[in-house]
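Trainee: Protein chains in written order, with our numbering: chain A, 3 to 663; chain B, 3 to 663. Ideal Cβ positions, reconstructed from N, Cα and C, are used throughout, including at glycine.
There are 2 protein chains.
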Amino acid sequence: MSKKHKVIFQPSGRRGEVEEGQTLLQAAQSLGVDIEALCGNKKVCGKCKVRIEEGYFEKDNIESGMTHIFPPVPSPDEMKHIKPQDGPGIRLACQCEVRGDVKVFVPERSRAGKQVVRKAAKELTIKLDPAVKKYNVELKPPTLHEMTTGDWERVLKFLEDDYGLKGLTFDYLVLRDLQDILRKESWKATVTVWMDKEIVKVEPGFVEASYGLAVDIGTTTCVGYLTDLNTGKVVNTESMMNPQVPYGEDVMSRITYAMSNPGVGLETMQKAIIQGLNEIIERVVKDIAKDGPNPGYVIDDLTIVFNTAMHHIFLGLNPEYIGRSPFIPAVQSSLDIKARDLGLRMNPSGYIHVLPIEAGFVGADNVGVLIAEEPYNQDENVLIIDIGTNGELLLGNRKKVCSTSCATGPAFEGAQIKFGMRAAPGAIEKVEIDPETKEARYKVIGRTDWSVPHQQMQTKGLCGSGIIQIVAEMFKAGIIDKSGRFVMDLGTPRVRKDADGKPEYVLAWASETSIQQDVTVTQGDVRALQLAKGALYTGAKLMMKKLGMTTLDRVILAGAFGSHIDVEASLTLGLFPDCTLDKVYAVGNAAGDGSRMALLNRGKRREANERARWVEFVEIATDPAFEKEFMMAMHIPHMKDRFPNLKALLEKANSKVEIKA
Amino acid sequence: MSKKHKVIFQPSGRRGEVEEGQTLLQAAQSLGVDIEALCGNKKVCGKCKVRIEEGYFEKDNIESGMTHIFPPVPSPDEMKHIKPQDGPGIRLACQCEVRGDVKVFVPERSRAGKQVVRKAAKELTIKLDPAVKKYNVELKPPTLHEMTTGDWERVLKFLEDDYGLKGLTFDYLVLRDLQDILRKESWKATVTVWMDKEIVKVEPGFVEASYGLAVDIGTTTCVGYLTDLNTGKVVNTESMMNPQVPYGEDVMSRITYAMSNPGVGLETMQKAIIQGLNEIIERVVKDIAKDGPNPGYVIDDLTIVFNTAMHHIFLGLNPEYIGRSPFIPAVQSSLDIKARDLGLRMNPSGYIHVLPIEAGFVGADNVGVLIAEEPYNQDENVLIIDIGTNGELLLGNRKKVCSTSCATGPAFEGAQIKFGMRAAPGAIEKVEIDPETKEARYKVIGRTDWSVPHQQMQTKGLCGSGIIQIVAEMFKAGIIDKSGRFVMDLGTPRVRKDADGKPEYVLAWASETSIQQDVTVTQGDVRALQLAKGALYTGAKLMMKKLGMTTLDRVILAGAFGSHIDVEASLTLGLFPDCTLDKVYAVGNAAGDGSRMALLNRGKRREANERARWVEFVEIATDPAFEKEFMMAMHIPHMKDRFPNLKALLEKANSKVEIKA
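1) Alpha carbons only, please: which of Gln24(B), Asp36(B) and Glu22(B) is nearest the one belonging to Phe11(B)?
2) Tell me, please, whether the CB atom of Gly152(B) is closer than 7 Å to any CB atom in chain A?
3) Beta-carbon of Leu180(B) versus every beta-carbon of chain A: anything under 7 Å?
4) Let me know if Ala211(B) comes out buried or exposed under the rule of 16 or more other beta-carbons within 10 Å of its beta-carbon.
5) Does DSSP put Ile470(B) in a helix, a strand or coil?
6) Are the beta-carbon atoms belonging to Phe477(B) and Gln525(B) less than 7 Å from one another?
7) Report the neighbours of Asp343(B) on chain D: residues whose CB is nearer than 7 Å to its CB, in chain order.
8) How about Asn349(B) and Lys203(B): are their beta carbons less than 7 Å apart?
9) Determine, using beta carbons only, whether Glu155(A) comes closer than 7 Å to chain B.
10) Do we get a CB-CB distance below 7 Å when we pair Glu315(B) with the residues of chain A?
11) Going along the chain, which residues of its own chain have a beta-carbon closer than 8 Å to the beta-carbon of Glu618(A), five neighbours each way excluded?
12) Evaluate Val497(A) with the Cβ neighbour count: other Cβ atoms within 10 Å of its Cβ, from every protein chain shown; 16 or more gives buried, anything less gives exposed.
13) Evaluate the contact criterion for the stretch 276-286 of chain B versus the stretch 223-231 of chain B: three or more CB pairs, one atom per stretch, below 8 Å.
14) Let me know the secondary structure DSSP gives Glu125(B) once reduced to three states.
15) Using three-state DSSP, classify Ala627(A) as helix, strand or coil.
16) So the alpha helix (DSSP H) Glu609(A) belongs to, where does it begin and stop?
17) Cβ of Tyr353(A) within 7 Å of Cβ of Trp196(A)?
18) Which value, in whole angstroms, describes the spacing of the CA atoms of Thr239(B) and Gly152(A)?
19) Can you find a C-beta in chain A that's less than 7 Å from the C-beta of Pro331(B)?
20) Quick one, which of Ile661(B), Ala655(B) and Pro206(B) has its alpha-carbon nearest Pro683(B)'s?
21) Nearest-angstrom Cα distance between Ser336(A) and Leu559(A)?
22) Report the residue from Ala600(A), Asp88(A) and Glu125(A) whose alpha carbon sits nearest the alpha carbon of Pro107(A).
23) Give the range of the alpha helix (DSSP H) segment to which Val176(A) is assigned.
24) Alpha carbons only, please: which of Gln272(A), Val369(A), Ser516(A) and Met243(A) is nearest the one belonging to Leu729(A)?
25) CA-CA distance, Pro639(B) and Asn296(B)?
26) Along the chain, where does the alpha helix (DSSP H) that runs through Leu531(A) open and close?
27) Hey, out of Met312(A), Gln471(A) and Val237(A), whose CA is closest to Val287(A)'s CA?
28) Buried or exposed for Ala663(B), going by 16 or more other Cβ atoms inside 10 Å?
29) Ends of the beta strand (DSSP E) at Lys1(B)?
30) Once you ignore the five residues that flank Cys50(A) on each side, which residues in its own chain have a CB closer than 7 Å to its CB?
31) With 7 Å set as the bound, which would you pick, yes or no: does the beta-carbon of Pro350(A) sit closer than that to a beta-carbon of chain B?
32) Taking 7 Å as the threshold (C-beta atoms), are Asp595(A) and Leu648(A) in contact?
33) For Leu215(B), which residues does DSSP report across the bridge?
34) Within the 7 Å Cβ cut-off, does Asn656(B) reach chain A?
35) Cutting at 7 Å between CB atoms, please list the residues of its own chain near Thr664(B), excluding the five before and the five after it.
36) Can you list the residues of chain A that Ser327(B) reaches, using a CB-CB cut of under 8 Å?
Below, the structure is given as structure tokens:
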């Protein structure tokens, strides 16, 4: 029989009873205490540190006579994350099991704040021609004297006579309720037609409201845009962490999870994301849905984009073959799948439209970017960088467009950065470093004003988009050199060595933070960023070579993250080859924009299929020049390439950094 | 003094009064209900399980004060045989005593004497062009060096290149398993394509076997013909009682059941028939199915016919509106519905093809008859009589065909006939009555020899097809007159009055039967038959009038029952207007033949849709002439119409009966 123990969380004071053997993270979740847990119990991120304040751990094995005593001893895995300066009693909440009544303190930096939604919808200009349309129908009541025809036939005749729609069929579930619905409002009804082909809903009376959901499933974040199909406007947006994160933070680890748990791993992850999407559906419709057991049924159409691995897992397709050479996906074309076949709690007769994927790892999300930005309609040479957990690049113009995928690692998302955190309140997102004094001023998410040195702030760490701007500032201030190495002996206490003798820069002193620690940027952080930006640069460079291009006319930064990058910083660091700064701009979640466009205009679906096949996928990792290019691209902004635009920019700003022009 | 209680057996509908304390098995035997009882009441075989549906069990032991309440509690001996999966209310018929009025359901497997399958499949001549076809596919293993394409795209390319199939799609479930199946036999696979449109199965390796199931759901009986789609041959046939019978013996009572149990009645009946069909599927494939949890998955296609009410209930469509004026069905067109949407345990990606219905009560079964017999390709005037629980008529030629539905009542099926029973061993199916002595000789199903008077036989009753021949013999022997009235004082003990003073004819003396009762034909039986045949005759007559026909060139008797009718007797009684006897013939289960044809040839599906709309439905019940015509048609063979062919026939046989010519 299971025992229960009392658990109290500080400083919130939340308390309750939890079952013996549950982890503190599970206990926290069940008691509504937010603890940051990026990696999902994998002992990898080390973000969920908590301090055991008081506790009684009783004997769990009478025979051995062993007694769990306080403070509990962390496992070797935990020890990798626990530093002496963390103080006594620190454990990872995801690893520490409840064995008796316990009081736990959750340090500020372990507290999860609601993530700032970085996938907000921007206004789109597109002709409204959605795949589902509603038609009002008013039938004459049948009589015995006319040639008897069925309800189905009479609805079809009306649609043909009044709207010119021919050869429609009914979804089976719609047929099932047709008779009663037609009679409910004296033969007045509203018929929802999908792609001029199939009737996917019949509602009593005349209904105008028509909704679709445009979805973008990222490796880390999922977002759904509830869209009024009559106006094209987004009426509500809901986002959440991808519930597959516990099974792996990146694409490859999820593929591995599926392969190493045959028969259950894939199914578990598919179920998780379907459930997650159902939760988004439930939340996103709460203001417009009718009462009843199925509020999501107001959604008649759904478009969805994701990378190839998320695509496969979402559809329950074995991701093994896209994870290994020759990287063959199950399907590339777009798909239309009945919502009920996937268990989605929207209109079960409706379809979800899965945008096509390009190749290997260049997925439907990149196709979304493609149809949103339309490089194939440009005369200029356009580079589009879509940065999520992976980086995808599109390069070209109306003559030709190439795509590729870069393994950037998670640095841009704040993971594997010592004080990295999600873009949530308390995260530093912008820094100014004085080139003379090396002193820093910064801006924190959730506050409108900039820091005043030594003033107490809610500062906890720094977010992914912030790190680029911060490292660019460090470079411009001469704190790091072109190779990314720290310049020591600058006469400031902010540049120092840590306990292991590794250089770091203090961005905020402990007294300015709510975590009572100095927030720093380490040599390791700079290296992680160099690897990430080097991968992007190399991808762009090798594609330019393939297309015979020597200059870029325009650079578009896409992605939830891309939209928050400081464009000047991205040029300064060399995320991409030189370009006029006023031709570098962020477009936000372009993958999501593509999903929304496909929702609003069915021509965009055709366009997506055609262009996904037309774009040429370039495998850069197998290019013989890759290694050498990558090594050079690690430099800031680059070891050899010329940056005339950047040079002009920095000169104008009186920077002392030398740039090749 | 002994008490009597009313006992009703389902699904046969047999009922009667039995003495208190008799076992249900004894009751069944005395009422001519077949219950398997191998061990002879020894509680050993457990074959005689029945379900108590409704019933009142009064105190059976005053002293103990015990009250038998519903559901009755089985004894420990019975419990050895009763499994939890048998469900509630199950008892052994040999142990359960009648203590009050009771309604008992005899499950299919407890029924003795496998019903003579009257829906056996005859050989059809039809061009093989089934809706599902299999194609062998052999792909080149993908390499990294080719332009990467998905598995889906490579299969489609092969089908286009090698077989000219364009624009196919995959069913979602097929896509889900595609990758692993293609790799299982080194890129050799077999693809099943539905209607040149959709891939509904992919199997590893080269598979040739291809199966479909043609189904005919009657109000009383269901049958499935497992068909080899490569040869067109029926490889197995399975039939069963319609499991909806407990909810109503005829169409109208099932509609009433649905209406009087809103929210559950329809669903219950739909579930019952789907479960029944799944049982047919399981049994019909047992010789050809692979091991595994889903033997029925070998079936890739299914065609189905039924009357309009069975159609609606099967599809979960509210049957209310076809049960009342203006009799509007939900849909008339043919339907293609995913097997999984209905919960059928065949290939879940496959479709079931529901044949179209004509109008009101003239259902898909009649369309089956129509495309099997093709009256629209005849120069002659053809009358097709399809007799099931309802009677449907088709009349016409290549210029025009009309259809109608006649409420014949269940007399033709042996129901509401005092000693009527199913066409099972022990049923009298043929009689000869000596015109002089009025003595009868008869033939019983399950025996090849005719009766020798007073010899002990397993005689139990008479079957539906038998009653026609028997009454015709009685008419020819002068036992009943043209109006159907008994002629008394014929100087034979066989013509007598029953306890209520009603005339009857003794067909078999109690000593010749296994039920220890005289088997008789009563005045009520003759009247029931007259009503039934009068309805058919009136329908034919009014349609002839509408079409301006004066003679019939051919009469086709269809239906499981029709195929066993003695054609001479049917002409003698006047089931239809006069016709040359050699142009009257039975074709067996023509509705089932139509279902099979639609399974084997997709052109027949088009033809069915076109012809179902082309045939004109005639509402005979509302014809002002109906009442008068019906009254005259009740006579044997008719009150006024001339029967030159019948007259010649009877004169040749030296009958003394006078017929108008």
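Mentor: From the atom records:
1) Asp36(B)
2) yes
3) yes
4) exposed
5) helix
6) no
7) No chain D appears in the structure shown, which is made up of the protein chains A and B.
8) yes
9) yes
10) For the sequence presented, residue 315(B) should be read as Ile rather than Glu. No, Ile315(B) does not count as interfacial toward chain A.
11) Lys402, Val403, Cys404 and Ser405
12) buried
13) yes
14) coil
15) coil
16) Arg604 to Trp616
17) yes
18) 33 Å
19) yes
20) Residue coverage of chain B in this structure runs from 3 to 663, which leaves residue 683(B) outside it and unanswerable.
21) 25 Å
22) Checking the sequence, you will find Phe at residue 107(A) rather than Pro. Ranking Ala600(A), Asp88(A) and Glu125(A) by Cα distance to Phe107(A) puts Asp88(A) first.
23) Tyr174 to Lys186
24) Lying outside 3 to 663, the shown extent of chain A, residue 729(A) is not represented and no answer is given.
25) 54 Å
26) Gln525 to Leu549
27) Val237(A)
28) exposed
29) This structure leaves residue 1(B) out entirely; chain B is present only between 3 and 663.
30) Leu27, Ile37, Glu38, Ala39, Leu94, Ala95, Cys96 and Ser112
31) no
32) no
33) Leu228(B) and Leu304(B)
34) no
35) Chain B is shown from 3 up to 663; residue 664(B) falls before or after that span and cannot be answered.
36) Leu146
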